[in-house]
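Residue numbers (mature numbering (1 follows the signal peptide of the UniProt record, and there is no 0)): -22 to -1, 1 to 229. Notes follow once the structure below has been shown.
Structure representation (structure tokens):
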């Protein structure tokens, strides 16, 4: 566990150094990494709803407008899925979203992706570490955001709150999208489970200024929730057309 925590801290410091040294030459306004939960609690149908929901959200007219608003300073996007500590699978490597054609290729990639065998555990802390390591590959971007979707509490690997503590001082923003339990549960039970998971993500997972948790009532609501989340994340960057000058890490 100590090894994992040291790795997270090293990556965070590296990323902050890159951000502090940014100048006018940057050609990336935001690096956005999306991590999807494929642990044992996610059925085959729910897996498909999650990937198709992400593809649909990326093709939402307002999301497309936000993504493509400054093609000369594009958002760079990558997608991975995660479960136990030993399982992270990259579905989309870093790609600049600079044209409708590129966005169409991204959504097509998601549409044809098939599920791979994955261990059943839920390693939220390791998923955060992996996402931060991916963001560290994009030091010239103005903003670095990790989105983590999940339908359950952490149960394996480094504790997410310890990983979060090691990221203090980092400019990385970590947001969450929590997904409600199976619709066979009563409405009251489902809302209680969602409330517990939201509180968990707020206390132990999300990080950075204006970090937030979005909610989906179930996997059938994933596309709508992802659309809301993307619009909220992309809007802040679109409002600023000039790069932050020698931005300092969050304290």
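Each residue gets a CB set at the ideal place from its N, CA and C atoms; glycine is no exception.
{"Check": "Distance between beta carbons of residue 112 and residue 11, contact taken as under 8 Å", "Outcome": "5 Å"}
{"Check": "Pairwise C-alpha distance: residue 62 and residue 99", "Outcome": "4 Å"}
{"Check": "Alpha-carbon spacing of residue 201 relative to residue 126, whole angstroms", "Outcome": "14 Å"}
{"Check": "Candidates 119, 23 and 132: closest to residue 72 by CA position", "Outcome": "119"}
{"Check": "Other residues of its chain near residue 9: CB distance less than 6 Å, five sequence neighbours each side excluded", "Outcome": "54, 113, 116, 119 and 122"}
{"Check": "Close Cβ partners of residue 185 (< 6 Å) along its chain, the five nearest in sequence each way excluded", "Outcome": "142, 145 and 152"}
{"Check": "Unbroken stretches of the beta strand (DSSP E), 3 residues or longer, contained in the segment 13 to 94", "Outcome": "53 to 60 and 66 to 75"}
{"Check": "Proximal residues to residue 101 (C-beta, below 6 Å), its chain only, five neighbours per side dropped", "Outcome": "62, 63, 134 and 135"}
{"Check": "Candidates 42, 26 and 131: closest to residue 94 by CA position", "Outcome": "26"}
{"Check": "Through-space distance from residue 51 to residue -1, alpha-carbon basis", "Outcome": "At residue -1, the pLDDT of 41 sits below 50, so the modelled position is not reliable and the matter cannot be decided from this model."}
{"Check": "Neighbour-count burial assignment, residue 16, 16 or more Cβ in a 10 Å radius", "Outcome": "buried"}
{"Check": "Secondary structure of residue 183, DSSP reduced to three states", "Outcome": "coil"}
{"Check": "Whole-angstrom distance between residue 75 and residue 231, CA atom to CA atom", "Outcome": "Given a span of -22 to 229 for the chain in the structure shown, any question on residue 231 remains unanswerable."}
{"Check": "Delimiting residues of the alpha helix (DSSP H) encompassing residue 127", "Outcome": "Premise fails: residue 127 lies in the beta strand (DSSP E), 122 to 128, not in any alpha helix (DSSP H)."}
{"Check": "Neighbourhood of residue 68 by C-beta distance below 6 Å, restricted to the same chain and skipping five residues each side", "Outcome": "58"}
{"Check": "Alpha helix (DSSP H) segments (min. 4 residues) lying fully within the segment 101 to 175", "Outcome": "102 to 113 and 138 to 144"}
{"Check": "Other residues of its chain near residue 138: CB distance less than 7 Å, five sequence neighbours each side excluded", "Outcome": "102, 103, 106, 132, 182 and 183"}
{"Check": "Residue 110 versus residue 14: straight-line alpha-carbon distance, rounded", "Outcome": "14 Å"}
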